[in-house]
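Chemist:
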Amino acid sequence: MATVHIPTPMRVATDGAATVQIEGATAREIVDRLTEQFPDLGGRLVEDGQLRPGLAIFVDGANVGRRLRTRLQPDSELFFVEALGGG
Amino acid sequence: MAIDTRVAPKIKHHDEEYKVIGTRPIRHDGLEKVTGEARYGSDINLPGQLHGKVLRSPHAHARIVSIDASRAEALDGVSAVITSADLPDPGDKLTTGGEAPGLPVKFKSANMLARGKVHYHGHAVAAVAAANPHIAAEALKLIDVEYEVLDPVLEVWDAMKPDAPVIIEDLYTAKADGTTGEEPSNVAAEMLYEVGDVDAGFAEADLVVDREFTFGVVHQGYIETHNATANWLKDGHLHVWCSSQGAFTIRQELADLLNHPITKIHVVPMEIGGGFGGKTTAYLEPLAALLSQQTGHPVKMAMDRADVLKATGPTPGGYVRVKMGVTNDGMITAGYANLAFDAGGYPGSVVGAGCRCVFAPYNMPSAKVEGFDVVVNKPKTHAYRAPGATHAEFASETVVDEICRTLDIDPVEFRLKNSAKEGDWQLAQPPYPRIGHIECMEAARDSAQWQTPLETAPGKKRGRGIASGFWFNIGFTSSVIAKLNSDGSVTLLEGSTDIGGTRTSVAMQFAETLGIPVEDVDPIVADTDSVGQTDVTGGSRVTFATGLAAHNAANDMKDQIAEGLADLWDVAADAITHADGTFSANGKSASVREAAELLEEEGVFPIGKNTVTPTREGGAFAVHIADVEVDEETGKVEILRYTAVQDAGVAIYPPYVEGQMQGGVVQGVGWALNEEYVYDDDGHLLNASLLDYRMPTALDVPNIETIIVEVPNPGHPYGVRGVGEVPIVPPPAAVANAIHDATGLRMSHLPMSPPRVQAALAAQA
């Protein structure tokens, strides 16, 4: 089971849960199942079938951006993070 | 651990030895730069070229009742006048590239040329193309604009009040919980980050320090002003030459703003005279393009310094509150921060990054951080070196110093006890990978400056301060194409604009991997038609990400050379080994140069290429020490001595790393002591020149001692971490803490300019 860390503001959609355990072979499967389980997360995470612009996913410490096809390990950890720029 | 003191101290926490990396070759662009041969945007002149100028708002907040350009259009020599009516309606489209994806294009478009309202003094209202700059300037005076002047709101604390004038009538707060505000507001967005139980953390604390800080607006201060030349051909092809941190980003913005196919837009990055984050977005390029389209001529535009200060993207002013709890033995139990940054005239400040940096140097059981992106009647703010981090960490590092003073704990020991390290949490993202804050702090502790008592002088108020800084660093996408020439040299095309000397640091990584001298590599910054997608030069990412692309391209070239030699030597390609720049198999060997000659005879010309979006940037830490003297009479603060320590991962080209460290300190000292936009009550910028906007000169800073720490980034084959941004983070806090050591004053506003210090001293007396 992958462990998904829910950003603080989105926890209103997960009944306050900071982490959620979900099965999934790819980041997309995780997002799909997460939004099935917590429908209020949908609009916060996804737009037109893609990760919402301005968000990035970290999988096992790697910033994979918006690449939802990223394959996961059985015990992967996922973070949804606001994308950053720089100077 | 080995200390290399031949040039400047470098402390290695690894055993790797390289042939090219870490050396100090002559930079590839050095001759052109020092002889004036290098070509900048203003050097572009095309046949039939017209000159463009921009009419800017004299008001900070006003409704545009009407624009009548007929008198300007009638002026002899004027070819076109454009307003926002000439820009395509962006509808609900969102930005798709650059540093801030997902923002409405309509805001960017309205910032380019005001739509209906002006949001700040200097906001572009119209643009003119004429036969020469003088006629264009005259024409601006003939454009009649009727304004209905509105009350401006200039500071975040005023803009957040319920009765504040609303600048954007259809802006509703994107609240942290995902809902949207019900009334129009100047607060564009709220953010919330939380780890652990903050209430319990503060309940455990023996000491809680809770302070507020405010900030003026600060400009990046690049010396070369913005410029752009556009040539819109009749077949729809648009060629643009400009001073930008990212040609591909400018191409994307042109496509978004002008609704023009990206394949028809060709952007040529010229040499760049500084950017520091302020040139990661378009200002003149779309205007020059539109004027060129309308006139059928190339159009050249350039800002003067007043334009740059009034109407480009400085770093925000704003407010930060930091509260930290500690036990009597100096362990942090909790932190709370509240940050409100001014976005300027349109949403999108760097407050999110500031929120995530505010407690970054420390491992604390709990933290809560709230952020607010606030629209005010000032220019749309933008990135500036480690955007948001300097504000945030000025506040937290000042509070840390106060905690250390109150508990009588050595500030180095406190930071070492509480330091973030590998595996500790980061706010809102995965735990830290291998990082070097502890190693930087130890190097600072052992530095000559920290080990030398501050020299006292009778009647002088002198003090020493120390502060840490963190910046994430960014990955994004980079591309490299490397062509092996028949003499064994390599032409290296890369897409990253070279601001900090990255041609050489990228070429060095290529040379190291292929095993050739870096002098055999000719690095060229390529245009958008000549190399693959490459994002902005920003986020301290080029030596890291474009360097990785160069390393991968060198490996690609190695494979192609081996395949070519395999045919010649009648062996399998995978039987050919490569070491120290020599290919070998079955008793035969060839250097890269010999291989190139052999392959040329076979008609084989390897081209190594790579496009990469790295995923493990590796954050950067810095620790700075400042010694200051405060003039009690004038309030002027003089920097007596300064040491900057920084984890560079592995310093590819140490002089550039030292240069970035020193440059960051100089800009940070300017931010700390002098730089600030000054507005009158009506929102007019009063100091739109470098005479009145006081940046440091060589006379204002001492020699800045540098100590490079090398804790390799596990996310890069050579351990590279970005180095360009984090050195601007610690200076304001280090200087503020030194001022406190000297005077007992806690300064809570940047800049700590002479009048403010003088007033604080007077109040103290």
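Sequence lines, in order, name chains A and B.
For this note's numbering, count along the first sequence from 1 and bump the result up by 48.
For this note's numbering, count along the second sequence from 1 and bump the result up by 5.
We put the beta carbon where it would ideally sit given N, CA and C, even for glycine.
Because the structure is a prediction, the values reported are computed rather than measured.
#1: According to the Cβ coordinates, are residue 656 (chain B) and residue 662 (chain B) closer than 8 Å?
#2: For residue 130 (chain A), which residues in chain B fall below 7 Å Cβ to Cβ?
#3: Counting C-beta neighbours from all protein chains within 10 Å, is the total for residue 371 (chain B) 16 or more, i.e. buried, or is it exposed?
#4: How is the alpha helix (DSSP H) around residue 710 (chain B) delimited, first residue to last?
#5: Under a Cβ-count criterion, where at least 16 other Cβ atoms within 10 Å of its own Cβ denotes burial, should residue 344 (chain B) be classed as buried or exposed?
#6: If contacts are defined as beta-carbon pairs under 8 Å, then residue 776 (chain B) and residue 600 (chain B) qualify, I think. What distance do you get, rounded to the angstrom?
#7: With distances taken Cα to Cα, identify the nearest neighbour of residue 348 (chain B) among B:480, B:756 and B:192.
#8: Between the region 186 to 208 of chain B and chain A, which residues of the former have a C-beta closer than 9 Å to a C-beta of the latter?
#9: Can you tell me which residues form a DSSP beta bridge with residue 647 (chain B)?
#10: Going by DSSP in three states, residue 11 (chain B) sits in which element: helix, strand or coil?
#11: Could you pull out every residue in the same chain whose Cβ sits closer than 6 Å to the Cβ of residue 587 (chain B), ignoring the five residues on either side in sequence?
#12: Are the C-beta of residue 84 (chain A) and some C-beta of chain B separated by less than 8 Å?
#13: Decide if residue 286 (chain B) is buried, meaning its Cβ has at least 16 other Cβ atoms within 10 Å, or exposed.
#14: Round the Cβ separation of residue 721 (chain B) and residue 489 (chain B) to the nearest angstrom and send it over; I've been treating them as touching at under 8 Å.
#15: Comparing alpha-carbon positions, which option in B:237, B:224 and B:260 lies nearest residue 1 (chain B)?
#16: Let me check understanding here. Comparing Cα to Cα, which of B:502, B:71 and B:108 lies closest to residue 131 (chain A)?
#17: Between the region 55 to 66 of chain A and chain B, which residues of the former have a C-beta closer than 8 Å to a C-beta of the latter?
#18: So what does DSSP say about residue 484 (chain B), is it helix, strand or coil?
#19: State whether the region 252 to 262 of chain B contacts the region 310 to 328 of chain B, with contact taken as three or more CB pairs (one from each stretch) at a distance under 8 Å.
#20: Between the alpha carbons of residue 469 (chain B) and residue 493 (chain B), how many angstroms are there, rounded?
#21: Which residues of the region 616 to 639 of chain B have a Cβ closer than 9 Å to any Cβ of chain A? Give them in chain order.
#22: Measure the alpha-carbon distance for residue 105 (chain A) versus residue 200 (chain B) and round it to whole angstroms.
#23: Within the chosen definition, does the region 303 to 314 of chain B reach the region 230 to 245 of chain B through at least 3 CB pairs nearer than 8 Å?
#24: Looking only at its chain, what residues have a beta carbon closer than 6 Å to the beta carbon of residue 527 (chain B), apart from the 5 residues adjacent to it on each side?
#25: Going by beta-carbon coordinates alone, are residue 473 (chain B) and residue 735 (chain B) separated by less than 8 Å?
#26: For residue 110 (chain A), return the contacting residues in chain B, with the cut-off set at a CB-CB distance below 7 Å.
#27: At what residues does the alpha helix (DSSP H) containing residue 33 (chain B) begin and finish?
#28: Would you mind reading off the limits of the beta strand (DSSP E) that contains residue 390 (chain B)?
#29: Going by DSSP in three states, residue 272 (chain B) sits in which element: helix, strand or coil?
#30: Could you give the distance in angstroms between the alpha-carbon of residue 385 (chain B) and the alpha-carbon of residue 300 (chain B)?
#31: Report the residue from B:19, B:91, B:38 and B:15 whose alpha carbon sits nearest the alpha carbon of residue 724 (chain B).
#32: Scan the region 465 to 498 of chain B for residues whose Cβ lies nearer than 7 Å to a Cβ of chain A and list them as they occur along the chain.
#33: Within 10 Å of its beta-carbon, does residue 428 (chain B) have 16 or more other beta-carbons around it, so buried, or fewer, so exposed?
#34: 8 Å is my cut-off, CB to CB: does residue 544 (chain B) come that close to chain A?
#35: Cβ atoms of residue 420 (chain B) and residue 366 (chain B): under 8 Å apart, would you say?
#36: Could you work out which residue in B:198, B:757, B:177 and B:557 is closest to residue 340 (chain B) when comparing CA atoms only?
Modeler: For this structure:
#1: Between residue 656 (chain B) and residue 662 (chain B), the C-beta spacing is below 8 Å.
#2: Going along chain B in sequence order, the residues near residue 130 (chain A) (Cβ under 7 Å) are 357.
#3: Label assigned to residue 371 (chain B): buried.
#4: Premise fails: residue 710 (chain B) lies in the beta strand (DSSP E), 709 to 715, not in any alpha helix (DSSP H).
#5: Buried, because 16 or more other Cβ atoms sit within 10 Å of the Cβ of residue 344 (chain B).
#6: With chain B covering only 6 through 770, there is no way to say anything about residue 776 (chain B).
#7: Each of B:480, B:756 and B:192 was checked against the Cα of residue 348 (chain B), and the nearest Cα belongs to B:192.
#8: Per Cβ criterion, the list reads 195, 196, 197, 198, 199 and 200.
#9: In the DSSP secondary-structure assignment, residue 647 (chain B) is bridged to B:631 and B:709.
#10: Here the model assigns residue 11 (chain B) a pLDDT of 49, short of 50, so the residue's position is not dependable and the matter cannot be decided.
#11: Apart from the 5 residues on each side of it in sequence, residue 587 (chain B) sits with its Cβ closer than 6 Å to the Cβ of 594 and 596 in its chain, given in chain order.
#12: No, its Cβ sits nowhere closer than 8 Å to a Cβ of chain B.
#13: Taking a 10 Å sphere around the C-beta of residue 286 (chain B), we find 16 or more other C-beta atoms and assign the residue as buried.
#14: Wrong, their Cβ atoms sit about 24 Å apart, outside the cutoff.
#15: In this structure chain B extends from 6 to 770, so residue 1 (chain B) is not present and cannot be described.
#16: Closest option to residue 131 (chain A), Cα to Cα, is B:108.
#17: Under the 8 Å Cβ criterion, the region 55 to 66 of chain A contributes 55, 56, 57, 58, 60 and 61.
#18: Strand at residue 484 (chain B).
#19: No, the region 252 to 262 of chain B does not touch the region 310 to 328 of chain B.
#20: For residue 469 (chain B) and residue 493 (chain B), the distance between alpha carbons rounds to 54 Å.
#21: Here the close residues are 618, 619, 620, 621 and 622.
#22: Taking the straight line from one Cα to the other gives about 19 Å.
#23: Flag = yes, the region 303 to 314 of chain B and the region 230 to 245 of chain B touch.
#24: Residues 496 of the same chain have their beta carbon placed closer than 6 Å to that of residue 527 (chain B), with the five preceding and five following residues left out of the count.
#25: Cβ distance < 8 Å, so residue 473 (chain B) and residue 735 (chain B) count as in contact.
#26: Within chain B, the C-beta atoms nearer than 7 Å to that of residue 110 (chain A) come from 620 and 621, in chain order.
#27: Careful: residue 33 (chain B) lies outside any alpha helix (DSSP H) and carries neither H nor E.
#28: From DSSP, residue 390 (chain B) is part of no beta strand (DSSP E); its letter is neither H nor E.
#29: The DSSP-derived three-state label of residue 272 (chain B) is strand.
#30: Rounded to whole angstroms, residue 385 (chain B) to residue 300 (chain B) spans 29 Å at the Cα level.
#31: Comparing Cα positions, the closest option is B:19.
#32: Listed by position, the residues of the region 465 to 498 of chain B near chain A (Cβ gap below 7 Å) are 477, 479 and 480.
#33: Its Cβ having fewer than 16 others within 10 Å, residue 428 (chain B) is exposed.
#34: Yes, its Cβ sits closer than 8 Å to a Cβ of chain A.
#35: The answer is yes: Cβ separation under 8 Å.
#36: Of the listed residues, the one whose Cα sits closest to residue 340 (chain B) is B:198.
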